[in-house]
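Structure first, commentary second.
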Amino acid sequence: EKQANPLLADFDTLHNIGPFANITIDNYREGMLKGMEVQKAEVAAITDNSEAPTFENTIVALDQCGKLLRKVRGTFSPLSSSNSNDEIRALQKELSPLSSAHSDDIYLNEALFERVKKVYENQAAEQLSAEEKKVLENIYDRFVNSGATLTDEEKARLRELNSRLAMLQLNFTQNLLYETNNTFVVVDNEAELAGLPEANIAAAAKMAEEQGQPGKWMFNMQRPSCNPVLQYCSNRALREKVYNAYYNRGNVDNEYDNKAISAEIVKLRLEKAKLMGYENYAQMALEERMAKTPEAVYDLLMQVWEPAVAKAKEEID
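Its first residue numbered 628, the sequence shown is counted upward by one per residue in our numbering.
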């Protein structure tokens, strides 16, 4: 008998946290697909509403739709980013184009944007609070920044770019995760670990044993493993070896290499930015952030730069 999917019911747990031990990979797949299906119906209910668009029947309804999908993603995401395996990574790749298309189906929905736009243009008639105005502004801007005002031809290209970028970014992240967990620096002689705390030495010995190299010490590129070497070890050569291994994850010309992926991401992000009317991707990415412009980012960095360098020199001394 098929067990009920825990993701499709209320979580009867402390702090409403997902019961991870009871959720299978098929549950996650079903939950994601069901979440998209439910949100699609919720959006259709907004666009099919025969009443004139109001803050309540359009903006509030839109802001609150997609709860099931958010719940499933919020349960799957921490697992896929911190305790991943081959099954989870395969499901991420399977769902990536579907998630990208689902998002575009909402933000490129002409009937939906028309309703949002009407509320935005007639907001004075509704006597909205400051918070409600901000929600309305955020949702309207999100539609515009997601391509709602583009031509049909431009929207079609934007969908292609979004789908490809989503997959590239997922591949990049999965490669980086693999390299972080499976790039090792091996030490044969304990004397090379001078300065490293006993607990870290013991952890390195345990890792070596688990990797089939008993009697040695191993460090992978997870921060709790490699950072103490950089912080405490007096052996400069080992520190350099670990530092270089960490910063060259995805850059050693193996099947997990990220150079070609990075180059394609940069190229497609620039095309997307220009399609959206920006000179470069930084301008587009910063539009909804506090800095607003690349120039403001550099201005802040330059203000911090001189005192930071002075402090670093002081600490070196």
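Think of the CB as a built atom: it goes at the ideal place given N, C-alpha and C, for glycine as much as any other residue.
Only a predicted model underlies this, so the values are computations on that prediction, with no experimental measurement involved.
- Around the beta-carbon of L696, 16 or more other beta-carbon atoms lie within 10 Å, marking it buried.
- If you draw a straight line from the Cα of F799 to the Cα of M848, it is about 16 Å long.
- For M794, the enclosing alpha helix (DSSP H) begins and ends at D779 to N809.
- In the structure shown, the three-state DSSP call for M845 is strand.
- The straight-line gap separating the alpha-carbon atoms of E836 and Y883 is approximately 25 Å.
- One thing to note: R876 has its Cβ within 8 Å of the Cβ of E806.
- By alpha-carbon distance to I715, the top candidate from A831, Q930, P633 and Y655 is Y655.
- P855 and K868 have their alpha carbons spaced roughly 13 Å apart.
- Rounded to whole angstroms, the gap between the alpha carbons of A909 and K667 is 31 Å.
- Excluding residues up to 5 positions away in sequence, W844 lie with their Cβ nearer than 6 Å to the Cβ of A832 in the same chain.
- F811 and A728 have their alpha carbons spaced roughly 38 Å apart.
- If you ignore the 5 residues before and after V699, its C-beta comes within less than 6 Å of the C-beta of L634, G658, M659 and G662, all in its own chain and listed in chain order.
- Assigned with DSSP and collapsed to three states, V879 falls in coil, not helix or strand.
- In the DSSP assignment, V812 falls within the beta strand (DSSP E) that extends over V812 to V814.
- When N749, F647, T702 and S723 are compared, the shortest CA-CA separation from T685 is found for N749.
- Rounded to the nearest angstrom, the gap between the Cα atoms of T778 and L788 is 15 Å.
- Closest in alpha carbon position to L895, among L792, A757 and A752, is L792.
- According to the DSSP assignment, M929 belongs to the alpha helix (DSSP H) that extends over P921 to I943.
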